[in-house]
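> For the sequence shown, our numbering gives the first residue as 14, with consecutive numbering after it. Backbone N, C-alpha and C define an ideal beta-carbon position, used for all residues, glycine too. Please read these numbers as outputs of a predicted model, since none were measured by experiment.
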Amino acid sequence: MIKYRAFIKVVELGSITKAAKELGYSQPGVSHMLDSLEEEIGFPLLIRSRDLIRPTKDGNRILHYCREIVKNEDSLRETADSIKGLLSGSIRIGALNSMLIQFVPQVVNAFYTTYPNISIQIHEMSSHEMRKALLNGSIDIAFMNNNVPGSFDFCPLFRDSVVLIMHKDNPLAAFSTIPVEELDHRDFIMPLPGWDDLVLAINEKASFTPNVRHYVASDVAGVSMAANELGLYVLSSMQVSMAPDNVEIRKLDTDVGRDLGMIIKSLKNTTPALKEFIKAAKEAAVDYTASIADVQYIGE
Numbered sequence: 014m015i016k017y018r019a020f021i022k023v024v025e026l027g028s029i030t031k032a033a034k035e036l037g038y039s040q041p042g043v044s045h046m047l048d049s050l051e052e053e054i055g056f057p058l059l060i061r062s063r064d065l066i067r068p069t070k071d072g073n074r075i076l077h078y079c080r081e082i083v084k085n086e087d088s089l090r091e092t093a094d095s096i097k098g099l100l101s102g103s104i105r106i107g108a109l110n111s112m113l114i115q116f117v118p119q120v121v122n123a124f125y126t127t128y129p130n131i132s133i134q135i136h137e138m139s140s141h142e143m144r145k146a147l148l149n150g151s152i153d154i155a156f157m158n159n160n161v162p163g164s165f166d167f168c169p170l171f172r173d174s175v176v177l178i179m180h181k182d183n184p185l186a187a188f189s190t191i192p193v194e195e196l197d198h199r200d201f202i203m204p205l206p207g208w209d210d211l212v213l214a215i216n217e218k219a220s221f222t223p224n225v226r227h228y229v230a231s232d233v234a235g236v237s238m239a240a241n242e243l244g245l246y247v248l249s250s251m252q253v254s255m256a257p258d259n260v261e262i263r264k265l266d267t268d269v270g271r272d273l274g275m276i277i278k279s280l281k282n283t284t285p286a287l288k289e290f291i292k293a294a295k296e297a298a299v300d301y302t303a304s305i306a307d308v309q310y311i312g313e
């Protein structure tokens, strides 16, 4: 089984040396595991170059099944441990930036207190990246909007409203709430494609044409640029605490937002560790929405 884990880790990191360090094995030991796996399978799985190791076309096909085998073994161990009353295992989480700022870290920290033997990895991702990661099995759960891939399950947590960030001297700061039509042809700072679901949420309600002046890869950069009079920036209400004093925060005059929650492969058929984590997240969502304005609980 360790051969499958070694193969997966080498593909993820693109390096035998890095994979060996993370797995706690020597570099020659991991190389031997890969050679043994290729001999067992009967054809090459990896293309080994000086700078990077990547899977062959056939290796990519095998990778999916290796992940399933490893996941099933983890599920077997976790189920046995839970029966013995000693819950353990691992959870790989993907999350939107906004949910990492306000919600997910608190859930993980509280969960660690109760279940210290469970290993948790958190990855910041766009919605597009999480959909791909869910489908290829590289994450177990995604904290994102309700853009659910395939036959996966969505567990709603809360509704997040959209706000606009602008310099205090921006003409739109004169509005208490901003009509969407006022956004037409205004200067905007735009998130990169794949991170722009908040802007798309506005366009679903009422179409407008932004004058895109700049693109950013982070909300911190977008807010900073808005604070320096470079345009409007669309932000989640979960992130308004990061806004500096010299900006104005305005809602739109129509209800615009997104339903946020958890996406997993199956709510019924999942590991004991993940079931407990989902339960903890649902409970945390109730407390969170009770304390934060503009966030409405929508959980089941």
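Which partner residues does Ala-286 have in the DSSP bridge list?
Numbered from its first residue, the sequence shown carries residue 286 at position 273. Answer is none; Ala-286 lacks a bridge partner.
> Thinking just about the alpha-carbon of each residue, which of Pro-184, Ser-220, Arg-226 is nearest to the one in Ile-202?
Here residue 202 refers to the residue found at position 189 of the sequence shown. Selected option, being the one with the closest Cα: Arg-226.
> State the CB to CB distance for the pair Ile-114 and Met-251, rounded to an integer number of angstroms; the pair is presumed to be in contact (CB under 8 Å).
Here residue 114 refers to the residue found at position 101 of the sequence shown. Here residue 251 refers to the residue found at position 238 of the sequence shown. The pair is a contact, with the Cβ atoms about 6 Å apart (cut-off 8 Å).
> Less than 8 Å separating the beta-carbons of Arg-271 and Asn-158?
Within the sequence shown, residue 271 is the residue found at index 258, counting from 1. Within the sequence shown, residue 158 is the residue found at index 145, counting from 1. Their beta carbons are under 8 Å apart, which means Arg-271 touches Asn-158 by this criterion.
> Given a cut-off of 8 Å, decide if Ala-93 and Glu-137 are closer than it, judged by their beta-carbon atoms.
Against the sequence shown, residue 137 aligns to sequence position 124. Against the sequence shown, residue 93 aligns to sequence position 80. Not a contact, by the Cβ cut-off of 8 Å.
> Between the C-alpha atoms of Pro-41 and Val-23, what's the straight-line distance to the nearest angstrom?
Residue numbering aside, residue 41 sits at position 28 when the sequence shown is read from its first letter. Residue numbering aside, residue 23 sits at position 10 when the sequence shown is read from its first letter. Near 13 Å, if we compare the C-alpha coordinates of Val-23 and Pro-41.
> From the DSSP output, in three-state form, read off Ile-15 for me.
Residue numbering aside, residue 15 sits at position 2 when the sequence shown is read from its first letter. Helix, per DSSP.
> Alpha carbon to alpha carbon, how far is Leu-280 from Val-83? Give it in angstroms, no decimals.
Mapped onto the sequence shown, residue 83 falls at position 70. Mapped onto the sequence shown, residue 280 falls at position 267. One C-alpha to the other measures close to 19 Å.
> Span of the alpha helix (DSSP H) holding Tyr-78?
Taking the sequence shown and counting its residues from 1, one reaches residue 78 at position 65. Tyr-78 -> alpha helix (DSSP H) spans 70-96.
> Which residues in the same chain have their Cβ closer than 8 Å to the Cβ of Ser-39, if we skip the five residues on either side of it in sequence?
The residue you call residue 39 lines up with position 26 of the sequence shown. So the list reads Ala-33, once near-sequence residues are dropped.
> Excluding five sequence neighbours on each side, which residues of the same chain lie with their C-beta closer than 7 Å to the C-beta of Glu-51?
Counting from one through the sequence shown, the residue named residue 51 turns up at place 38. These residues qualify, in order along the chain: Pro-57, Leu-58.
> Please tell me whether Phe-290 and Ile-104 are closer than 8 Å, where the distance is taken between their beta carbons.
As a first step, residue 290 is located in the sequence shown; it is residue number 277 there, counting from the start. As a first step, residue 104 is located in the sequence shown; it is residue number 91 there, counting from the start. Yes, they are a contact pair.
> In whole angstroms, what is the alpha-carbon distance linking Asn-282 and Val-193?
Walking along the sequence shown from the start, residue 282 turns up at place 269. Walking along the sequence shown from the start, residue 193 turns up at place 180. Using only the alpha carbons, I get a separation of about 43 Å.
> Does the pairing of the segment 199-214 with the segment 235-250 give three or more beta-carbon distances under 8 Å?
Contact between the segment 199-214 and the segment 235-250 is present, because at least three Cβ pairs lie under 8 Å.
> Quick one: what's Asn-224 bridged to in DSSP?
In the sequence shown, residue 224 corresponds to position 211, counting from 1. DSSP, once it has assigned bridges, lists Asp-200 as partnering Asn-224.
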